[in-house]
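>
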Amino acid sequence: MSVTGFIGRALLASIFIKSGMDHLQNPDPIVRAARGAEIPEPELAVKVNSAVMLGAGAMLALGVAPRLASTALAVSLVPTTAIGHPFWDKQGPERRQQQTQFMKNLALFGALLAIGSRK
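What follows is the structure, given as structure tokens:
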């Protein structure tokens with residue numbers, strides 16, 4: 015494993031580790047969003063998604079099964095992005111902010127796909 019590869023994976027993983035920890039410690043805003051999107055069992059869904067972000071993020075950072083970890087993170091990012099950043103329902107500055115976060119998540123998704131496709 016190259017030093018730059020290790021640093022890149024660790025930096026990419028850091029946002030998932032931090033978000034997973036934050037959502038486990040303060041799940042209420044995320045649960046409200048999940049409930050608003052009519053996700054069944056929103057409390058459980060948020061806990062599972064947060065655990066995936068934390069666990070797979072740590073695996074990715076440490077280089078443990080990086081293809082599996084990046085795939086798990088990419089899968090968890092799809093509902094997170096669609097539910098958490100619905101810019102299409104917003105107006106004005108909030109729309110731009112949510113669109114920026116949506117696009118950031120798309121960029122993260124692309125990075126995870128690139129890692130997941132490496133041999």
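First residue of the sequence shown: 15, per the numbering used here; consecutive thereafter. For every residue, glycine included, the Cβ atom is placed at its ideal position computed from N, Cα and C.
1) Should the segment 83 to 98 be called in touch with the segment 116 to 123, which here means at least 3 C-beta pairs below 8 Å?
2) Short check: CB of Arg81 to CB of Gly19, under 7 Å?
3) Taking a contact to mean a Cβ-Cβ separation below 7 Å, would you say Gly97 touches Ala51 in this structure?
4) Determine the DSSP secondary structure at Ile44, reduced to helix, strand or coil.
5) Tell me which same chain residues have a C-beta within less than 7 Å of the C-beta of Ala24, skipping the five on either side of it?
6) State buried or exposed for Gly106, treating a residue as buried only when at least 16 other CB atoms are found within 10 Å of its CB.
7) Which residue marks the beginning of the alpha helix (DSSP H) containing Arg110, and which one marks its end?
8) Drop a sphere of 10 angstroms on the beta-carbon of Val60, count the other beta-carbons inside from all chains shown, and report buried for 16 or more, exposed for fewer.
9) Which of the three DSSP states is assigned to Ser16 in this structure?
10) Residues in its own chain within less than 7 Å of Thr85 by CB, not counting five upstream and five downstream?
11) Starting from Ala72 and walking both ways along the alpha helix (DSSP H), at which residues does that stretch end?
12) Count the other CB atoms, across all protein chains shown, that sit within 10 Å of the CB of Ala128; report buried if there are 16 or more and exposed otherwise.
Looking at the coordinates:
1) yes
2) no
3) In the sequence as presented, Gly is not what sits at residue 97; that position holds Ile. A contact, by the Cβ cut-off of 7 Å.
4) helix
5) Taken in chain order, the residues that qualify are Ala75.
6) exposed
7) Counting along the chain, the unbroken alpha helix (DSSP H) around Arg110 starts and ends at 106 to 130.
8) buried
9) coil
10) Excluding residues within five positions, the ones whose Cβ falls inside 7 Å are Gly130.
11) Run containing Ala72: 56 to 76, per the alpha helix (DSSP H) assignment.
12) exposed
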